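Written below as structure tokens is the structure these notes are about.
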Amino acid sequence: MPADPTAHPGERTTGGLQRRGRPASLADAAVRGARKGRDGVRSALGVIADRIIATAPRIPVRDLATLRAHFPGLTPEELADKLVAGACAGTATVGAGVGAAAMLPVPPALPAELAAEVAGVASVEIKLIAELHEVYGLRPPGNRTQRATAYLTSWTEERGIDIAKPASLNAALGGQMKRELRQQIMKRTLRNLPSLTPFLVGAAVGAFLNRRDTGKLAHKIRADLRRRQIPWDALPDASAAQPRADASAATNRSGSRVDT
Numbered sequence: 389m390p391a392d393p394t395a396h397p398g399e400r401t402t403g404g405l406q407r408r409g410r411p412a413s414l415a416d417a418a419v420r421g422a423r424k425g426r427d428g429v430r431s432a433l434g435v436i437a438d439r440i441i442a443t444a445p446r447i448p449v450r451d452l453a454t455l456r457a458h459f460p461g462l463t464p465e466e467l468a469d470k471l472v473a474g475a476c477a478g479t480a481t482v483g484a485g486v487g488a489a490a491m492l493p494v495p496p497a498l499p500a501e502l503a504a505e506v507a508g509v510a511s512v513e514i515k516l517i518a519e520l521h522e523v524y525g526l527r528p529p530g531n532r533t534q535r536a537t538a539y540l541t542s543w544t545e546e547r548g549i550d551i552a553k554p555a556s557l558n559a560a561l562g563g564q565m566k567r568e569l570r571q572q573i574m575k576r577t578l579r580n581l582p583s584l585t586p587f588l589v590g591a592a593v594g595a596f597l598n599r600r601d602t603g604k605l606a607h608k609i610r611a612d613l614r615r616r617q618i619p620w621d622a623l624p625d626a627s628a629a630q631p632r633a634d635a636s637a638a639t640n641r642s643g644s645r646v647d648t
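Under our numbering, the first residue of the sequence shown carries the number 389, and numbering increases by one thereafter.
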């Protein structure tokens with residue numbers, strides 16, 4: 389084709405036109421790569437979110453009567469302290485385990501390790517949130533699945549459940565809820581990246597970060613629940629919430645507290 393008379397001298401050849409088009413093709417490739425990476429991250433977050441949603445109703449939660457039987461003679465605040473300490477130890481163990489597994493990291497396995505850590509920590513913290521609501525007399529109404537949804541919402545939003553607002557309890561796992569859950573998972577995943585540091589450094593870092601984050605979450609949840617706390621003797625099933633005499637006697641005879 390004849391050269392463009394308005395073009396610069398260096399662009400009047402076919403080679404010049406090819407050189408001018410190269411940066412545009414590189415930019416297009418970069419955009420496509422960024423879009424593909426973003427879609428991959430969304431897909432991974434969606435998989436983790438679906439796993440947590442499916443696991444939440446199966447998490448074993450002790451009711452108030454069982455908790456008082458396991459920890460006899462404690463006040464609500466002392467019982468809550470015990471639960472928080474146990475949950476912090478549990479999430480620290482999860483972080484240390486993932487950090488130890490990443491001692492010699494294999495790049496393809498890193499996303500799976502992060503996903504396993506986030507899902508494991510979420511299970512421990514959702515169980516803690518559910519049992520804290522039991523301790524403060526604020527169990528949400530509904531069946532097990534409905535309560536699990538409420539506890540998952542509490543974990544996602546990092547605040548206690550207000551059982552006086554039915555609208556907040558009836559929130560389904562729709563688009564808005566899943567978006568918030570993905571955001572929470574992304575935040576946790578970024579915070580857990582240091583646990584993948586090799587040579588066992590990640591084990592110590594992961595244990596410390598998980599213990600700290602679980603403690604912060606528990607502090608926020610307890611602050612919300614204290615404002616709406618219902619005393620144990622004012623609960624509708626106050627008699628059922630009393631510790632069983634045989635469990636307390638067995639505990640006193642053995643000289644140790646039962647903690648499952």
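Using N, Cα and C, we set each Cβ at its ideal position, and we do this for glycine too.
These numbers come from a predicted model, not from an experiment.
Considering only residues of the same chain and omitting the five flanking positions on each side of residue i, which have a CB-CB separation below 6 Å?
| i | result |
| --- | --- |
| Gly508 | Val482 |
| Gly530 | none |
| Pro528 | Arg535, Ala538, Ile549, Ile551 and Leu557 |
| Thr533 | Pro445 |
| Gly461 | none |
| Pro464 | Val523 |
| Val472 | Ala606 |
| Asp612 | Arg547 and Gly548 |
What does a CB cutoff of less than 7 Å around residue i pick up in its chain, not counting 5 residues either side in sequence?
| i | result |
| --- | --- |
| Leu455 | Leu467, Glu519, Glu522 and Val523 |
| Arg610 | Ala468 and Leu520 |
| Lys608 | Glu546 and Arg547 |
| Ile573 | Leu433, Ile436, Ala437 and Val506 |
| Ile517 | Tyr539, Ser542, Trp543 and Ile609 |
| Lys566 | Ala437 |
| Gly425 | Confidence is the limiting factor: at Gly425 the pLDDT is only 40, short of 50, which leaves the residue's position unreliable, though a coordinate-based value still follows. So the list is empty, once near-sequence residues are dropped. |
Spatial neighbours of residue i within its chain, please: CB distance less than 8 Å, with the 5 preceding and 5 following residues excluded, ordered by chain position.
| i | result |
| --- | --- |
| Ala484 | Ala591, Ala592, Gly594 and Ala595 |
| Pro448 | Lys515 |
| Gly603 | Val472 and Cys476 |
| Asp427 | Reliability of the predicted coordinates at Asp427 is poor, the pLDDT of 47 falling under 50, and the value obtained from them is presented with this limitation in mind. Excluding sequence neighbours, Asp427 sits near nothing in its chain. |
| Gln564 | none |
Does the distance from the CB of residue i to the CB of residue j come in under 8 Å?
| i | j | result |
| --- | --- | --- |
| Val506 | Arg446 | no |
| Ala475 | Val512 | yes |
| Glu568 | Glu546 | no |
| Leu433 | Arg614 | no |
| Thr443 | Asn598 | no |
| Ala510 | Ile440 | yes |
| Arg579 | Asp601 | yes |
Shorter than 8 Å from the beta carbon of residue i to some beta carbon of chain D?
| i | result |
| --- | --- |
| Glu522 | Chain labels in this structure do not include chain D; a single protein chain is all it has. |
For this session: Scan the segment 433 to 486 and note each continuous beta strand (DSSP E) run of 3 residues or more that stays entirely inside, going in chain order.
Result: Entirely contained in the segment 433 to 486, not one beta strand (DSSP E) run reaches 3 residues.
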